[in-house]
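Asks: Residue numbers (the numbering used here): 131 to 547.
We treat Cβ as the ideally placed atom computed from N, Cα and C, and that holds for glycine.
Here it is, written out as structure tokens:
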């Protein structure tokens with residue numbers, strides 16, 4: 131159900147690592163026993179690995195009290211095949227009977243690490259061998275954090291983060307000496323709307339922390355949004371720094387109902403063309419779509435001297451601006467492009483999975499639900515590809531199946547209030 135809960139992950143001073151984020155969730159009140167049980171299950175899915183001790187203890191950093199994960203492990207391998215680890219992690223999730231979105235967060239976060247390693251080493255993802263992230267530490271951080279989020283019931287709520295301190299200086303690791311932030315951390319954040327800053331010397335943000343963040347947080351903010359605070363959790367890291375507390379701070383609260391509509395600044399980029407064929411316009415739309423613009427629209431218009439023209443209008447985030455300008459100039463031959471910053475008001479949507487019965491067979495359908503500022507449902511939209519698949523399986527028209535599914539969805543959503 132859509133709610134006005136909000137989680138803010140504050141990593142602007144000490145960055146974020148998997149264990150610090152996990153510890154902050156325990157500090158917030160996540161069920162410690164459930165999380166430890168899930169963590170201990172990880173050792174069954176990595177060969178030659180044993181968890182000797184796992185506990186969460188109160189600890190101070192620079193005078194501030196928080197929670198720290200103490201983990202003692204025994205490992206005989208220092209490198210593993212990434213895809214084999216992915217399958218092992220998936221099996222581990224299945225054994226714990228996680229909710230769908232809990233398992234998705236875990237696997238997507240690990241996949242993010244795999245892709246980043248593949249890109250920076252120029253290797254096929256099937257051949258990638260992990261070193262530092264091959265440790266059971268990675269499983270512990272991902273499985274533990276996801277279990278804690280599920281227990282706190284925050285996997286379906288709004289999650290934002292502050293700008294991210296990634297560190298300065300150098301780090302020694304399996305491939306030698308590298309600058310901070312490490313290559314894999316930079317790759318994880320590449321082309322994603324997160325604000326990075328160096329901060330203090332040292333490795334402040336780890337690959338696992340970065341991977342969790344990009345798969346969990348929907349927005350990176352420079353300032354805290356308007357909200358009323360419920361609780362704060364402080365996750366203490368292992369390193370000690372001279373000038374600051376080594377902690378990730380996670381805050382949960384509620385946004386005012388009047389702010390359930392969210393506002394963001396985007397760019398509106400447009401140009402007029404009157405001598406470009408339909409085929410070329412189609413090519414422009416295809417290229418713009420491939421680079422991931424938010425929307426592209428072609429509008430027929432009449433300009434001066436009653437000349438027919440086409441307005442190409444693009445909505446995008448600021449970081450795509452130069453790519454869009456290059457495409458418009460090179461593919462249309464236009465002589466000028468208009469750019470303006472506009473406000474975009476959005477209604478948050480919540481994706482839920484709803485059981486549907488068609489001809490005595492049960493199907494699970496993903497549904498996007500939108501509500502207004504008073505909590506009233508204003509739209510429900512099932513995943514159309516799933517509807518088509520059901521229609522094919524039941525040898526029926528998509529329209530008939532769609533109508534049947536919609537009637538059941540509306541009834542179930544209405545009953546839930």
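Kindly confirm or deny that the stretch 241 to 250 and the stretch 188 to 203 touch, where touching means at least three C-beta pairs closer than 8 Å.
Replies: At 8 Å Cβ cutoff, the stretches do not touch.
Asks: Rounded to a whole number of angstroms, what is the C-alpha to C-alpha distance between residue 150 and residue 299?
Replies: Working through the chain shown from its first residue, we reach residue 150 at position 20. Working through the chain shown from its first residue, we reach residue 299 at position 169. If you take the alpha carbons of residue 150 and residue 299, they lie about 21 Å apart.
Asks: By a C-beta neighbour count over all protein chains shown, 10 Å radius and 16 as the cutoff for buried, is residue 356 buried or exposed?
Replies: For the purposes of this step, residue 356 is identified with residue 226 of the chain shown, where counting begins at 1. With fewer than 16 Cβ atoms within 10 Å of its Cβ, residue 356 is classed as exposed.
Asks: From this set, 308, 335, 345, 437, which residue's C-alpha is nearest residue 323's C-alpha?
Replies: As a position in the chain shown, residue 323 is number 193, starting the count at 1. Ranking the options by Cα distance to residue 323, first place goes to 345.
Asks: What separation, rounded to the nearest whole angstrom, lies between the Cα atoms of residue 414 and residue 458?
Replies: To locate residue 414, count along the chain shown from 1; it is residue 284. To locate residue 458, count along the chain shown from 1; it is residue 328. Their Cα atoms are separated by approximately 7 Å.
Asks: Which same chain residues end up closer than 6 Å to residue 276 when comparing Cβ atoms and leaving out the 5 residues on each side of it in sequence?
Replies: Indexing the chain shown from 1 puts residue 276 at position 146. Within the same chain, residue 276 has close Cβ partners 232, 235, 236.
Asks: Kindly indicate the opening and closing residues of the alpha helix (DSSP H) around residue 216.
Replies: Counted from its first residue, the chain shown places residue 216 at position 86. Segment 212 to 225, the alpha helix (DSSP H) holding residue 216.
Asks: Less than 8 Å separating the beta-carbons of residue 178 and residue 206?
Replies: Stepping through the chain shown from its first residue, residue 178 is reached at position 48. Stepping through the chain shown from its first residue, residue 206 is reached at position 76. In this structure, residue 206 lies closer than 8 Å to residue 178 by Cβ.
Asks: Would you check if there are 3 or more beta carbon pairs closer than 8 Å linking the stretch 250 to 265 to the stretch 180 to 188?
Replies: These segments do not touch.
Asks: Going by other Cβ atoms of all chains shown within 10 Å of its Cβ, with 16 needed for buried, is residue 217 buried or exposed?
Replies: By 1-based counting over the chain shown, the position of residue 217 is 87. With fewer than 16 Cβ atoms within 10 Å of its Cβ, residue 217 is classed as exposed.
Asks: What residue does the beta strand (DSSP E) around residue 470 start on, and which one ends it?
Replies: Within the chain shown, numbered from 1, the residue matching residue 470 stands at position 340. Residues 468 to 476.
Asks: What is the rounded straight-line gap between the Cα of residue 274 and the Cα of residue 164?
Replies: By 1-based counting over the chain shown, the position of residue 274 is 144. By 1-based counting over the chain shown, the position of residue 164 is 34. About 9 Å.
Asks: Are there three or more Cβ pairs, one per stretch, closer than 8 Å when the stretch 437 to 450 is compared with the stretch 375 to 387?
Replies: With the cut-off at 8 Å, the stretch 437 to 450 and the stretch 375 to 387 do not touch.
Asks: For chain C, find out if any of its Cβ atoms is closer than 8 Å to the Cβ of residue 258; answer yes or no.
Replies: No chain C appears in this structure, which consists of one protein chain only.
Asks: Excluding sequence positions up to five away, which residues of its chain have a Cβ less than 6 Å from the Cβ of residue 502?
Replies: The count along the chain shown starts at 1 and reaches residue 502 at position 372. Excluding positions up to five away in sequence, the list reads 508.
Asks: Is the CB-CB distance between residue 497 and residue 539 below 8 Å?
Replies: On the chain shown, position 367 is the one that residue 497 refers to. On the chain shown, position 409 is the one that residue 539 refers to. Result yes, Cβ atoms of residue 497 and residue 539 sit closer than 8 Å.
Asks: Does residue 590 pass the burial test, meaning 16 or more other C-beta atoms within 10 Å, or should it be called exposed?
Replies: Outside the modelled stretch of the chain, which goes from 131 to 547, sits residue 590, for which no answer is possible.
Asks: With DSSP collapsed to three states, give me the class of residue 192.
Replies: Position 62 of the chain shown holds residue 192. Note: residue 192 maps to coil in three-state DSSP.
Asks: Where does residue 271 fall in DSSP's three states?
Replies: As a first step, residue 271 is located in the chain shown; it is residue number 141 there, counting from the start. DSSP places residue 271 in helix when its eight states are reduced to three.
Asks: With a threshold of 8 Å on Cβ separation, who are the neighbours of residue 318 within its own chain once the five nearest residues in sequence on each side are excluded?
Replies: The residue labelled residue 318 in the question sits at position 188 within the chain shown. Answer for residue 318: 242, 243, 246, 337, 340, 341, 344, listed in chain order.
Asks: Please list the terminal residues of the continuous alpha helix (DSSP H) segment that includes residue 167.
Replies: Reading the chain shown from its first residue, position 37 is the one you call residue 167. Here the alpha helix (DSSP H) through residue 167 covers 162 to 171.
Asks: If you scan the stretch 251 to 317 from start to end, which runs of the alpha helix (DSSP H) of 4 or more residues do you find wholly inside it?
Replies: Segments of the alpha helix (DSSP H) lying fully in the stretch 251 to 317: 266 to 282.
Asks: Could you round the C-beta distance between residue 293 and residue 327 to whole angstroms and report it? I think they count as a contact, below 8 Å.
Replies: For the purposes of this step, residue 293 is identified with residue 163 of the chain shown, where counting begins at 1. For the purposes of this step, residue 327 is identified with residue 197 of the chain shown, where counting begins at 1. Sure, about 6 Å apart at Cβ, within 8 Å.
Asks: Considering only DSSP beta bridges, list what residue 430 is partnered with.
Replies: The residue you call residue 430 lines up with position 300 of the chain shown. Bridge partners of residue 430: 440.
Asks: Between residue 131 and residue 478, what straight-line distance do the alpha-carbon atoms span, to the nearest angstrom?
Replies: Here residue 131 refers to the residue found at position 1 when the chain shown is read from its first residue. Here residue 478 refers to the residue found at position 348 when the chain shown is read from its first residue. Because residue 131 sits at a pLDDT of 38, beneath the cut-off of 50, its placement in the model cannot be relied upon, and the point is left open.
Asks: In angstroms with no decimal places, state the Cα-to-Cα distance between residue 532 and residue 419.
Replies: Taking the first residue of the chain shown as 1, we reach residue 532 at position 402. Taking the first residue of the chain shown as 1, we reach residue 419 at position 289. Near 28 Å, if we compare the C-alpha coordinates of residue 419 and residue 532.
Asks: Around the C-beta of residue 270, are 16 or more other C-beta atoms found within 10 angstroms, so that it is buried, or is it exposed?
Replies: For the purposes of this step, residue 270 is taken as residue 140 along the chain shown, with counting starting at 1. Under this definition residue 270 is a buried residue.
Asks: Does the distance from the CB of residue 204 to the CB of residue 230 come in under 8 Å?
Replies: Taking the chain shown and counting its residues from 1, one reaches residue 204 at position 74. Taking the chain shown and counting its residues from 1, one reaches residue 230 at position 100. In this structure, residue 230 does not lie closer than 8 Å to residue 204 by Cβ.
Asks: Would you kindly work out how many angstroms separate the C-alpha atoms of residue 221 and residue 208, rounded to a whole number?
Replies: Within the chain shown, the letter at position 91 stands for residue 221. Within the chain shown, the letter at position 78 stands for residue 208. Near 21 Å, if we compare the C-alpha coordinates of residue 208 and residue 221.
Asks: Whole alpha helix (DSSP H) runs in the stretch 329 to 413 with 4 or more residues, listed along the chain?
Replies: Segments of the alpha helix (DSSP H) lying fully in the stretch 329 to 413: 337 to 346.
Asks: Take every Cβ of the stretch 402 to 409, pair it with every Cβ of the stretch 375 to 384, and state whether three or more of those distances are shorter than 8 Å.
Replies: No: the two stretches stay apart, fewer than three of their Cβ pairs being nearer than 8 Å.
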